[in-house]
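Only one structure is covered here, and it is reproduced in the block below.
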Amino acid sequence: MATIRIFAEDDVPAVAALFERVYPEQRWTSPAACEAYFREILFSNPWRDLDLPSWVAEEDGRMAGFAGVVPRRMAFRGRPIRVAVGCQFMVDPNRRHGLTALQLARAALSGPQDLFIADGANELSRQILTGLGGITPLLYNLHWTRPLRPARYALSLLEERGALPPALTLPARPLGALVDALAARLRPNRLHREEVELREDPLDAAAMLAHLPDVMDGNALQPVYDARALAWLLEQSARKTRHGKLRACAVLEGERRLIGWYLYYARAGGVSEVVQVAARNGSFGRVLQRLLVDAWRQGAAAVRGRLDPRYVRELSDRHCWLRCDGTWTLIHSRHADVAAAIHQGSAFLSRLEGEWWLRFQGR
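Encoded structure:
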């Protein structure tokens, strides 16, 4: 069996080398850049808590596995709770026949946290964590997609799956562009129109912090931020350019009243991934519509985000479809009421609250 111990800063080069063995297609420009990112995220994050460490597994003096943990702060029905966000759960490809993964998972779940979250888990991680008492909350494993340029989106799916050769898809693009231009002016799209009562301003950490109580009202489980932590998180998210350029916009009614905001990665010709949409009670549909219009203007073929269960109706009204795909969202808690609140959809868990925004796989 492997020896499991707490991850120390001196372990970073060995863990980065393990990362390269597990993910040979990784996009880091150099081993030094990869090591620097491990240090930055796991030892210099604004929530660092020595009681919630990351873990390593050693076998025969060699790094055999790693389970990363980023502490976070949340509140459950007004009381502070400690949260551990799991990331980069990996085992050496030559050591996967043993119990190393199980040992690492047990270590990560054994801490004093009130809640453990992983929202980038693969199927193997899901099987291990559920075997140790973790659960897969259905609502937070659903993602919504809204095609904005249906023809371009359909062509991109065919290209990804190799269903059509380039000789056929390339000539189809001009015709698809014409179809999409017409579709944007028809019901239910009307993406070329603006709601004149609303406007957007650049969103910063100060505006988010000032209005968080308004947009999170009604959720039993909520993230807790301070100015430094939120500014750091937004800066880190902006550096994840593999999905496109991060657009962070506040939506205002009239001259001054903020009714919500959206953060997403604009990707012309592709799928724009949503990081977070937040709104005051009764305003989510209008904020969502502004997001769709903005993404359309940025050239996106479609928009995709994680479901916020409170807004199924608003998403349905704007012709978004739901499906379970991609990585798994998993939780583990010793507190039945915390787990129940998540199961019931009473948790503000956007992609900004888990591991999704991290960029261990490169930019």
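Counting from 1093, one number per residue, gives the positions in the sequence shown under our numbering. Glycine included, C-beta positions come from ideal geometry on N, C-alpha and C.
Compare the Cα-Cα distances from leucine 1201 to each of Gly1190, Arg1187, Gly1223, Gly1212 and report the closest residue.
-> The residue with the shortest Cα to Cα distance from leucine 1201 is Gly1223.
Could you pull out every residue in the same chain whose Cβ sits closer than 6 angstroms to the Cβ of phenylalanine 1181, ignoring the five residues on either side in sequence?
-> Ala1159, Ser1217
Is tryptophan 1420 near asparagine 1233, with beta carbons less than 8 angstroms apart?
-> Result yes, Cβ atoms of tryptophan 1420 and asparagine 1233 sit closer than 8 angstroms.
Test: threonine 1095 CB closer than 8 angstroms to a CB of chain B = The chain labelled as chain B is not found in the depicted structure, where only one protein chain is given.
Pull up the distance between the alpha-carbon of proline 1123 and that of alanine 1109, whole angstroms please.
-> Per the coordinates, the alpha-carbon of proline 1123 lies some 8 angstroms from the alpha-carbon of alanine 1109.
Look up tyrosine 1354 in the DSSP assignment and say whether it is helix, strand or coil.
-> strand
Which class does alanine 1394 belong to by DSSP, given the choice of helix, strand or coil?
-> strand
Any chance you could list the beta strand (DSSP E) runs of at least 3 consecutive residues sitting entirely within the segment 1196–1258, in chain order?
-> 1207–1213, 1235–1239
Arginine 1097 versus leucine 1207: straight-line alpha-carbon distance, rounded | 21 angstroms
Which term fits cysteine 1416, buried or exposed, when burial requires 16 or more other beta carbons within 10 angstroms of its beta carbon?
-> exposed
Residues sharing a beta bridge with glutamate 1151, DSSP | Arg1154
What did DSSP end up calling arginine 1349 once you bin it into helix, strand or coil?
-> strand
Using CA coordinates, which residue listed in Gly1418, Gly1374, Val1385 is at the minimum distance from arginine 1405?
-> Checked all of Gly1418, Gly1374, Val1385; the closest Cα to arginine 1405 is Gly1374.
Would you report the Cα separation of methionine 1308 and serine 1442, rounded to the nearest angstrom?
-> 11 angstroms
Where does histidine 1303 fall in DSSP's three states?
-> helix
Whole-angstrom distance between arginine 1359 and tryptophan 1236, CA atom to CA atom = 17 angstroms
Touching or not, the segment 1351–1369 and the segment 1386–1393, by the rule of three or more beta carbon pairs under 8 angstroms?
-> yes
Cα separation between glycine 1157 and glutamate 1289?
-> C-alpha separation (whole angstroms): 54 angstroms.
State yes or no: is the C-beta of tyrosine 1356 within less than 8 angstroms of the C-beta of arginine 1339?
-> Contact annotation: tyrosine 1356 and arginine 1339 have beta-carbon atoms nearer than 8 angstroms.
Can you grab the Cα-Cα spacing for the pair arginine 1402 / proline 1229, in whole Å?
-> So the alpha carbons of these two residues sit roughly 15 angstroms apart.
Identified DSSP bridge partners for glutamine 1368 = Leu1355
CA-CA distance, isoleucine 1423 and alanine 1125?
-> Approximately 31 angstroms between the Cα atoms of the pair.
May I ask you to report which of helix, strand or coil DSSP gives leucine 1450?
-> coil
What do you reckon, are the CB atoms on aspartate 1409 and glycine 1446 nearer than 8 angstroms?
-> no
First and last residue of the uninterrupted alpha helix (DSSP H) at valine 1107 = 1104–1114
With arginine 1382 as the anchor, note down where its alpha helix (DSSP H) starts and where it stops.
-> 1376–1389
So cysteine 1179 is in the beta strand (DSSP E); what residue range does that whole segment cover?
-> 1171–1183
Out of curiosity, what's the CA-to-CA distance linking cysteine 1412 and glycine 1190?
-> 43 angstroms
Under 6 angstroms Cβ to Cβ from serine 1425, same chain only, skipping five residues before and after it: list those, please.
-> Leu1207, Ala1431
Sorted by chain position, which residues of the same chain lie with C-beta nearer than 7 angstroms to phenylalanine 1130's C-beta, five sequence neighbours on each side aside?
-> Val1104, Val1107, Ala1108
Where do the ends of the alpha helix (DSSP H) carrying tryptophan 1324 lie?
-> 1319–1330
Range of the contiguous beta strand (DSSP E) that encloses leucine 1290 = 1290–1294
Applying the criterion that 16 or more other CB atoms from any shown protein chain within 10 Å of the CB defines a buried residue, is alanine 1319 buried or exposed?
-> Classification for alanine 1319: exposed.
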